[in-house]
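Visitor: Protein sequence lines correspond, in order, to chains A and B. In this text, residue positions in the first sequence follow our numbering: the first is 1240, and each later residue adds one. In this text, residue positions in the second sequence follow our numbering: the first is 94, and each later residue adds one. Think of the CB as a built atom: it goes at the ideal place given N, C-alpha and C, for glycine as much as any other residue. The structure displayed is predicted, hence computed values, not measured ones.
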Amino acid sequence: MNKQSKFSPAPLLSISKMLKQREQGGISFELEVPNFSLQRGQFVAIVGASGCGKSTLLDILALVLRPDQCQEFYIYVADNKVNLKRLWNQKEESRLAEIRRNLFGYVLQTGGLLPFLTVKKNIYLPIRIKGSGYSDEKIVQLAQRMGVAELLSKKPQFLSGGQRQRVAILRAMTHQPEIILADEPTAAVDKENAHIIVQNFHKLAKEIGTTIVMVTHNHDLVAELADTTFTFKVTRESKTLTRSVCFEATA
Amino acid sequence: MTSQQQKSRGTVLNLALFDLFHEWILTLCLVLAIAAVIAPILLLLGLKYGTIATLRDRLVQDPVYREIRPTQTYEYKKQWFTDFAERNDIAFLTPTILPAASIITVKILNSQKTEIFDLIPTGMGDPLILENGGQIPKGNQCVMTKMAAEEIGVAVGDNLSVRVTRNRGGRQEFATAELEIVSILNPRAGILERIYTPLNFVVDVENYKEGMAIPTRNWTGGSPRPYLSFDGIIAVLPQKLDLIAKGNLRINTGVNEVELLANQAFAQITGFNLPTHLVSYHLHNANNIVQASSYRAVKRKLRGKKAIIIPYVKASTFRQSKKEISVFGLSLSPKHLQTLGLSELPWGALKNKPSYQKIGQLLLPNNIEKLETVIETSFAGIKGTLTFPLRIQGKSPSQYALVPIELLATLRTGLQREIIFDDNQQTFLLARGGYGGFRLYAKTIDDVQPIYTALKQQNLEISAKVDAIERIRILDRGLTRIFWLVAIVGIIGGIAALIASLYAAVERKKRDLSIMRLLGLSRYQVFRFPIYQALAMAILSIGAAISAYFTLSLVINLVFSNDLEMGQKICYLPASHLVIATLLTVSVAFISALLAAWKTTQIDPAEALREE
Chain A
1240 MNKQSKFSPA
1250 PLLSISKMLK
1260 QREQGGISFE
1270 LEVPNFSLQR
1280 GQFVAIVGAS
1290 GCGKSTLLDI
1300 LALVLRPDQC
1310 QEFYIYVADN
1320 KVNLKRLWNQ
1330 KEESRLAEIR
1340 RNLFGYVLQT
1350 GGLLPFLTVK
1360 KNIYLPIRIK
1370 GSGYSDEKIV
1380 QLAQRMGVAE
1390 LLSKKPQFLS
1400 GGQRQRVAIL
1410 RAMTHQPEII
1420 LADEPTAAVD
1430 KENAHIIVQN
1440 FHKLAKEIGT
1450 TIVMVTHNHD
1460 LVAELADTTF
1470 TFKVTRESKT
1480 LTRSVCFEAT
1490 A
Chain B
94 MTSQQQKSRG
104 TVLNLALFDL
114 FHEWILTLCL
124 VLAIAAVIAP
134 ILLLLGLKYG
144 TIATLRDRLV
154 QDPVYREIRP
164 TQTYEYKKQW
174 FTDFAERNDI
184 AFLTPTILPA
194 ASIITVKILN
204 SQKTEIFDLI
214 PTGMGDPLIL
224 ENGGQIPKGN
234 QCVMTKMAAE
244 EIGVAVGDNL
254 SVRVTRNRGG
264 RQEFATAELE
274 IVSILNPRAG
284 ILERIYTPLN
294 FVVDVENYKE
304 GMAIPTRNWT
314 GGSPRPYLSF
324 DGIIAVLPQK
334 LDLIAKGNLR
344 INTGVNEVEL
354 LANQAFAQIT
364 GFNLPTHLVS
374 YHLHNANNIV
384 QASSYRAVKR
394 KLRGKKAIII
404 PYVKASTFRQ
414 SKKEISVFGL
424 SLSPKHLQTL
434 GLSELPWGAL
444 KNKPSYQKIG
454 QLLLPNNIEK
464 LETVIETSFA
474 GIKGTLTFPL
484 RIQGKSPSQY
494 ALVPIELLAT
504 LRTGLQREII
514 FDDNQQTFLL
524 ARGGYGGFRL
534 YAKTIDDVQP
544 IYTALKQQNL
554 EISAKVDAIE
564 RIRILDRGLT
574 RIFWLVAIVG
584 IIGGIAALIA
594 SLYAAVERKK
604 RDLSIMRLLG
614 LSRYQVFRFP
624 IYQALAMAIL
634 SIGAAISAYF
644 TLSLVINLVF
654 SNDLEMGQKI
664 CYLPASHLVI
674 ATLLTVSVAF
684 ISALLAAWKT
694 TQIDPAEALR
704 EE
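#1: Since residue 1339(A) meets chain B, which of its residues come closer than 8 Å, beta carbon to beta carbon?
#2: Consult DSSP for residue 305(B) and reduce its assignment to one of helix, strand or coil.
#3: Are there 16 or more other CB atoms within 10 angstroms of the CB of residue 235(B), so buried, or fewer, so exposed?
#4: Would you say residue 1477(A) lies against chain B (beta-carbon separation less than 8 Å)?
#5: Using a C-beta to C-beta distance shorter than 8 Å, which residues of chain A count as neighbours of residue 540(B)?
#6: Which residues, taken in chain order from the region 616 to 633 of chain B, show a beta carbon closer than 9 Å to some beta carbon of chain A?
#7: How would you label residue 1241(A), buried or exposed, when you count the other beta carbons within 10 angstroms and need 16 or more for buried?
#8: Got a sec? Which residues, its chain only, sit under 7 Å from residue 524(B) by beta carbon, not counting five neighbours each side?
#9: State the start and end residues of the unbroken beta strand (DSSP E) segment that holds residue 675(B).
#10: Are the C-beta atoms of residue 1298(A) and some chain B residue less than 8 Å apart?
#11: Indicate the three-state DSSP secondary structure (helix, strand or coil) for residue 1457(A) in the structure shown.
#12: By Cβ distance, which residues of its chain are closer than 6 Å to residue 97(B), with the 5 residues on each side in sequence left out?
#13: Excluding the five sequence neighbours on either side, which residues of its own chain have a C-beta within less than 6 Å of the C-beta of residue 258(B), listed in chain order?
#14: Is residue 1307(A) close to chain B? Criterion is C-beta to C-beta, closer than 8 Å.
#15: Consult DSSP for residue 256(B) and reduce its assignment to one of helix, strand or coil.
#16: Could you tell me whether any Cβ in chain B is nearer than 8 Å to the Cβ of residue 1303(A)?
#17: Could you pull the DSSP bridge partners for residue 351(B) from this structure?
#18: Could you pull the start and end residues of the alpha helix (DSSP H) that residue 1253(A) belongs to?
#19: Taking 8 Å as the threshold (C-beta atoms), are residue 169(B) and residue 571(B) in contact?
#20: Please state the DSSP three-state secondary structure of residue 324(B).
#21: Going along chain A in order, which residues have a C-beta closer than 8 Å to the C-beta of residue 118(B)?
#22: By the three-class DSSP mapping on this structure, what secondary structure does residue 97(B) have?
#23: So which residues on chain B does residue 1315(A) lean against when the C-beta distance must stay under 8 Å?
#24: How many Å lie between residue 1435(A) and residue 1401(A) at the Cα?
#25: Please go through the same chain and pick out, in chain order, the residues whose beta-carbon is closer than 6 Å to the beta-carbon of residue 1266(A), but skip the five residues on each side of it.
#26: Enumerate, from N- to C-terminal direction, the unbroken alpha helix (DSSP H) stretches of 4 or more residues contained entirely within the region 141 to 226 of chain B.
#27: Might you give, ordered along the chain, the residues of its own chain that have their beta carbon closer than 6 Å to the beta carbon of residue 686(B), omitting 5 neighbours on each side?
#28: Say whether chain A places a C-beta atom closer than 8 Å to the C-beta of residue 605(B).
#29: Ignore the nearest five residues each way along the sequence and tell me which others in residue 1481(A)'s own chain have a CB closer than 8 Å to its CB.
#30: Under the three-state reduction of DSSP, which class applies to residue 1422(A): helix, strand or coil?
#31: Along the chain, where does the alpha helix (DSSP H) containing residue 573(B) start, and where does it finish?
#32: Should residue 111(B) be flagged as near chain A, meaning a C-beta pair shorter than 8 Å?
#33: Provide the residue span of the alpha helix (DSSP H) that contains residue 1401(A), from first to last.
#34: Looking at chain B, is there any beta carbon in it that lies within less than 8 Å of the beta carbon of residue 1471(A)?
#35: Give me the residue from 385(B), 648(B), 187(B), 262(B) with the minimum Cα distance to residue 220(B).
#36: Using a Cβ cut-off of 8 Å (strictly closer), state whether residue 608(B) contacts chain A.
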């Protein structure tokens, strides 16, 4: 675990006593999160085997899935504490969307790039949606660092898996979000590329002070970089119910 | 909308357009598919509009199709023209004269060649003149048809000598006038040899042909003097009539009532007392006026009975300034006046056709002061005001003012027929009773039928090109139905294609849309995504359809150009129709996109994460 973060710990997101149930084909899955918190600048890994609930947790963190029960669910914006539980309860979807576009960056398994936009336009998209500005020069600099500068005018279908992921990382960072949620960003690339991608990701994120939550089933990939690692304890309660409890691995 | 949303305005539109551009082959296919629906509809509408417009144009351009003509001679009163002209669907209405009176002989000044032409009245707004290259003639100006001008060999600016002939008392007479040609009409105005002049000239020609003088044109002849009419006759006799004589007065005299008149009643009518040795009888017609012929018949019947025949007009009043003067008409010979104990009258006995010099006299009763020698007087009872001068000649022997009975009998006629006082001729004249026909043009061909119906309801025999107009209307209705049938099927097909395509596109782009939602676009923002795409495709489609329509209409019009006149098109749509088609297409596209738009709002941003 890397403990060399140059950012002082400050609360960014906290969840307590959260429960989410999902049902598919008559089989229920229950995710319980007793405590979950993110500090500014942290590199947080969510590690677990398939079906343990790491993607469900990521959906909840990404504000696209509503928890069924929750004692606390806060995000700290500047000096304000935003009660996400209340926003969900009041179905304030526009407010949640606004938080998503302003505070979150996303890196999906295969990049999640829009196929009809060029790499450059994809990178710019969160900036445009947020309505903030960013210089071309800085984008090019970042693209050079990520090794995708010469791909800026290309469409995503002409990129390799690794290139797409690097572009996706760039896109997730350019609008300077507080949190970047990365869902198995290295799933579609080979092991060597995966290490390079994660290292680049970690380095860039640390430079801009962004908290990174990375979901992966590969503990080795993040073991050296993660400030905090959350994992799951899965219990099969019955034939139709599986329960998973999320906890901090070091705890 | 938050400030950030305002800043990001245009993002969804850009994304929608980039997506369309990215899938340009699919977009092109859909645009062409929609254009393939719209273009034939536009072309069909253009053909329908152009065909009907051309046919209508031919009717509308030619005023003949807007003309409604009387087919029978009938006397149309002035009031009829005044009333009918108030309809707002009438472009032009003028009286015409009897066809037989409208023939005139025309020759060029200083030339011997003469032709006989038909004289037609015209006036301001006459579409036959104005829409056939002519200008409305004024005063002594005229307009000729092409045939007439060619026949006599004249051009605009030439002067014509017009000869009007008549036969009066077995004697051939003629009058001449000079007319300046201000226009020669297009051949379309008619193949007949006609001269169009202002109505007053045409009426003067008719009056002259009827034997009248037209002083303003120095055309000699008679005057339409009003006949004399009376309310009754008082026969004054030295003794009572026996029953046979009394009954005889009812035979062939025009009177059907003969009754002995009490002295008091006599005085009330005449304003003076009947000498006691005389008796009087009141002769009148209970149902009709008493005419001068009755007066003469009664006079003949009572010949040898020392009768004094006093035709009278009852309860007459003249107005002068604010005064009303009761007047009695009396024209008797000095001998009869002496018998009645009255002093001599300046105008003497009754004459059938007296001059105004004789009848324009007045004797005032003693109770009215003599004001002036000549007073302007109007006769109560006549419609409007009829003003004429009267010379005051002295004191009346009656309690009423006395005037010649011919004056009152003339004015009495004015209660039945319009009479005028002609200052130039210093005489009363019968005003024109009516006109033999009319020239009427509807404002549009659509107005012909209602006017035609209105005239028919007045039992007038008329003709109009209603059948030709109706044929166009039937064709228009038929083509409209066909157009709508095709258009509705086409529009439904277009809507179905658009709905299906947009819905399928949303299904196909579910992942992309969920990523957009994940990146922070709200439901409302992604709702606009397919709508923008539909609107963009609608604009492209209508643009393509209009281009195709213009190309095809150009070809069609070129093919039919030999059958069309200058400026006419068999396939044509006004700009307003194209604007409406554009708005309609955009609206239909918007409505068609709503289902797809609703579908986008159902996309869960979590799907972006899961579909990975």
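Guide: Quick look at the numbers:
#1: On the first sequence, residue 1339(A) is found 100 positions in, with the first residue counted as 1. Scanning chain B for C-beta atoms nearer than 8 Å to the C-beta of residue 1339(A) yields 611, 612, 613, 698, reported in chain order.
#2: Looking up residue 305(B) in the second sequence gives position 212. Residue 305(B) falls in the strand class under three-state DSSP.
#3: As a working mapping, residue 235(B) is identified with position 142 in the second sequence. Counting every other CB atom within 10 Å of its CB across the protein chains shown gives residue 235(B) a total of 16 or more, marking it as buried.
#4: Indexing the first sequence from 1 puts residue 1477(A) at position 238. For residue 1477(A), the answer is no, since every Cβ of chain B falls outside 8 Å of its Cβ.
#5: As a working mapping, residue 540(B) is identified with position 447 in the second sequence. The contacting residues do not exist; residue 540(B) stays about 59 Å from chain A at best.
#6: Cβ contacts with chain A come from 616, 617, 618.
#7: Residue mapping note: residue 1241(A) aligns to position 2 of the first sequence, counting from 1. Because the pLDDT of residue 1241(A) is 41, which lies under 50, any placement of that residue in the model is unreliable, and the number read from its coordinates should be weighed accordingly. By the neighbour-count rule (16 or more Cβ atoms within 10 Å), residue 1241(A) is not buried but exposed.
#8: As a working mapping, residue 524(B) is identified with position 431 in the second sequence. Closer than 7 Å at the Cβ level, and outside the excluded window around residue 524(B), lie 511, 512, 513.
#9: The sequence position of residue 675(B) within the second sequence is 582, counting from 1. Taken as a continuous stretch (DSSP letters only), residue 675(B) belongs to no beta strand (DSSP E), being part of the alpha helix (DSSP H) at 668 to 694.
#10: Walking along the first sequence from the start, residue 1298(A) turns up at place 59. Residue 1298(A) counts as touching chain B.
#11: Numbered from its first residue, the first sequence carries residue 1457(A) at position 218. The answer is coil: DSSP assigns residue 1457(A) none of H, G, I, E or B.
#12: By 1-based counting over the second sequence, the position of residue 97(B) is 4. With a pLDDT of only 46 at residue 97(B), under the threshold of 50, the placement of this residue in the model should not be trusted; the figure read from the coordinates follows. Apart from sequence neighbours up to five positions away, no residue of its chain approaches residue 97(B) with a beta-carbon distance below 6 Å.
#13: By 1-based counting over the second sequence, the position of residue 258(B) is 165. So the qualifying residues of the chain are 267.
#14: Indexing the first sequence from 1 puts residue 1307(A) at position 68. For residue 1307(A), the answer is no, since every Cβ of chain B falls outside 8 Å of its Cβ.
#15: Residue mapping note: residue 256(B) aligns to position 163 of the second sequence, counting from 1. DSSP places residue 256(B) within a strand segment (E or B) once states are collapsed to three.
#16: Taking the first sequence and counting its residues from 1, one reaches residue 1303(A) at position 64. So yes, residue 1303(A) belongs to the interface.
#17: Translated into the one-based positions of the second sequence, residue 351(B) becomes position 258. For residue 351(B), which the question treats as bridged, DSSP gives the partners 376(B).
#18: The residue given as residue 1253(A) occupies position 14 in the first sequence. Per DSSP, residue 1253(A) belongs to no alpha helix (DSSP H); it is in the beta strand (DSSP E), 1250 to 1263.
#19: Walking along the second sequence from the start, residue 571(B) turns up at place 478. Walking along the second sequence from the start, residue 169(B) turns up at place 76. Not a contact, by the Cβ cut-off of 8 Å.
#20: Within the second sequence, residue 324(B) is the residue found at index 231, counting from 1. In the structure shown, residue 324(B) falls within a coil segment according to DSSP collapsed to helix, strand and coil.
#21: If you number the second sequence from 1, residue 118(B) lands on position 25. By Cβ distance, chain A contributes nothing, its closest Cβ being about 13 Å from residue 118(B), past 8 Å.
#22: Numbered from its first residue, the second sequence carries residue 97(B) at position 4. Per-residue confidence for residue 97(B) stands at a pLDDT of 46, beneath the threshold of 50, marking its modelled position as unreliable; no derived number is given.
#23: As a working mapping, residue 1315(A) is identified with position 76 in the first sequence. Result: empty, since nearest Cβ-Cβ is about 19 Å, beyond 8 Å.
#24: If you number the first sequence from 1, residue 1435(A) lands on position 196. If you number the first sequence from 1, residue 1401(A) lands on position 162. Their Cα atoms are separated by approximately 9 Å.
#25: In the first sequence, counting from the first residue as 1, residue 1266(A) sits at position 27. So the qualifying residues of the chain are 1479.
#26: For the region 141 to 226 of chain B, whole alpha helix (DSSP H) runs of length 4 or above, ordered along the chain, are 171 to 177, 220 to 223.
#27: In the second sequence, the residue the question calls residue 686(B) occupies position 593. Excluding residues within five positions, the ones whose Cβ falls inside 6 Å are 595, 623, 624, 627.
#28: Here residue 605(B) refers to the residue found at position 512 when the second sequence is read from its first residue. Yes, its Cβ sits closer than 8 Å to a Cβ of chain A.
#29: Position 242 of the first sequence, counting from 1, holds the residue named residue 1481(A). Annotation for residue 1481(A): 1266, 1267, 1268, 1269, 1290, 1473, 1474, 1475 place their beta carbon closer than 8 Å to its own, counting only its chain and skipping 5 residues before and after.
#30: Taking the first residue of the first sequence as position 1, residue 1422(A) is located at position 183. Secondary structure at residue 1422(A): strand, using DSSP grouped into helix, strand and coil.
#31: As a working mapping, residue 573(B) is identified with position 480 in the second sequence. In the DSSP annotation of this structure, the continuous segment of the alpha helix (DSSP H) that includes residue 573(B) starts and ends at 559 to 601.
#32: Numbered from its first residue, the second sequence carries residue 111(B) at position 18. Judged by the 8 Å Cβ criterion, residue 111(B) is in contact with chain A.
#33: Locating residue 1401(A) in the first sequence gives position 162, counting from the first residue. Per DSSP, residue 1401(A) belongs to the alpha helix (DSSP H) from 1400 to 1412.
#34: Indexing the first sequence from 1 puts residue 1471(A) at position 232. No, no contact with chain B.
#35: Here residue 220(B) refers to the residue found at position 127 of the second sequence. The shortest C-alpha separation from residue 220(B) is found at 187(B).
#36: Position 515 of the second sequence, counting from 1, holds the residue named residue 608(B). By this cut-off, residue 608(B) is an interface position.
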